[in-house]
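What follows is a single structure, written as structure tokens, with notes after it.
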Amino acid sequence: AQSVTQPDIHITVSEGASLELRCNYSYGATPYLFWYVQSPGQGLQLLLKYFSGDTLVQGIKGFEAEFKRSQSSFNLRKPSVHWSDAAEYFCAVGYIGTASKLTFGTGTRLQVTL
Amino acid sequence: DAMVIQNPRYQVTQFGKPVTLSCSQTLNHNVMYWYQQKSSQAPKLLFHYYDKDFNNEADTPDNFQSRRPNTSFCFLDIRSPGLGDAAMYLCATAGTDAGGYTFGSGTRLTVV
Chain P
32 AQSVTQPDIH ITVSEGASLE LRCNYSYGAT PYLFWYVQSP GQGLQLLLKY FSGDTLVQGI
92 KGFEAEFKRS QSSFNLRKPS VHWSDAAEYF CAVGYIGTAS KLTFGTGTRL QVTL
Chain L
11 DAMVIQNPRY QVTQFGKPVT LSCSQTLNHN VMYWYQQKSS QAPKLLFHYY DKDFNNEADT
71 PDNFQSRRPN TSFCFLDIRS PGLGDAAMYL CATAGTDAGG YTFGSGTRLT VV
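For the record, the sequence lines run as chains P and L. According to the working numbering, the residues represented by the first sequence are 32 to 145, in order. According to the working numbering, the residues represented by the second sequence are 11 to 122, in order.
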């Protein structure tokens, strides 16, 4: 069964500092990998996704993520965090195929200090 | 723009009073999903439709039902809401694989 681990429940960074959110997955084949962001009381917004090709994926809002097969990781990065990036971030994995289900990590809450 | 729309955004219902949440899509996707997300938790899949075929997750309570009258619409029915059913309910659609996964904005359900 597929699973996702986000080891950091809560991270605090200063505005302007760099950010890395960790995500490790367990799946037998190459999965789809996603990062979503969720502001309080809102739905999920897709930041980026990976299926194949270049292992460094660019997303919206200046985010990027790197797929490392050898480490089963898909960490999210941003070189300079803005106060508006404060939110909950979810990593998710889905398999290739019809009616694929997404499995989510437990999320990382990002706090940005000014 | 093609999208997934959930109505209403906020729903307040009384304990034990049936409630229906709505989801519509203009993406013409085969698959529609309902996820439940409780406060500070990850979204949890309740069930999904592949075309007209209904697929229930093993641990989804019987209190939750779903209908998909056509490709565009899917409904979540909660027959007798309890306080523990207060959550954000997220609808999603996907085509032939997970790459096209698209979420709606969610409906926040409050049970009083």
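No residue lacks a Cβ here, since even glycine has one placed at the ideal position from N, Cα and C.
### Query
Nearest-angstrom Cα distance between P:C38 and P:C54?
Looking at the sequence provided, one finds Pro at residue 38 of chain P rather than Cys. Annotation: P:P38 to P:C54 spans about 7 Å, alpha carbon to alpha carbon.
### Query
At what residue ranges does the segment 74 to 104 of chain P contain a whole run of the beta strand (DSSP E), taking only runs of 3 or more?
Secondary structure in the segment 74 to 104 of chain P: the beta strand (DSSP E) runs of 3 residues or longer, each lying completely within the stretch, are 76 to 81, 87 to 89 and 95 to 99 in chain order.
### Near-chain L residues of the segment 95 to 115 of chain P - C-beta to any C-beta below 9 Å
Residues: none.
### Task
Could you name the residues of chain P that L:L55 contacts, counting a contact when the two beta carbons are closer than 8 Å?
Correct list: K132 and L133.
### Query
Exposed or buried, L:D95, counting other C-beta atoms within 10 Å across all chains shown (16 or more means buried)?
L:D95 comes out buried.
### Message
Do P:F94 and P:L64 count as a contact pair if the criterion is CB distance below 8 Å?
### Response
Cβ atoms of P:L64 and P:F94: not closer than 8 Å.
### Message
Using DSSP's beta-bridge definition, name the partner residues of L:W44.
### Response
Beta-bridge pairing links L:W44 to L:F57 and L:C101.
### Message
If I measure Cβ to Cβ from L:Q8 and keep anything under 7 Å in the same chain, skipping five residues before and after, which residues do I get?
### Response
Nothing about residue 8 of chain L can be reported from this structure: the residues present for chain L run from 11 to 122 only.
### Query
How long is the line joining the alpha carbons of P:G125 and P:K132, rounded to whole angstroms?
Answer to the nearest angstrom: the Cα atoms are 6 Å apart.
### Minimum C-alpha distance to P:S115 - residue among P:Q142, P:G138, P:N106 and P:S104
Measuring from the Cα of P:S115, the nearest candidate turns out to be P:Q142.
### Task
Output yes or no for whether 8 Å exceeds the beta carbon distance between P:Q33 and P:T134.
A contact, by the Cβ cut-off of 8 Å.
#### Entry: P:T139, buried or exposed, once every other Cβ within 10 Å from all chains shown has been counted against 16
Using a 10 angstroms sphere on the CB of P:T139, the tally of other CB atoms reaches 16 or more, which defines it as buried.
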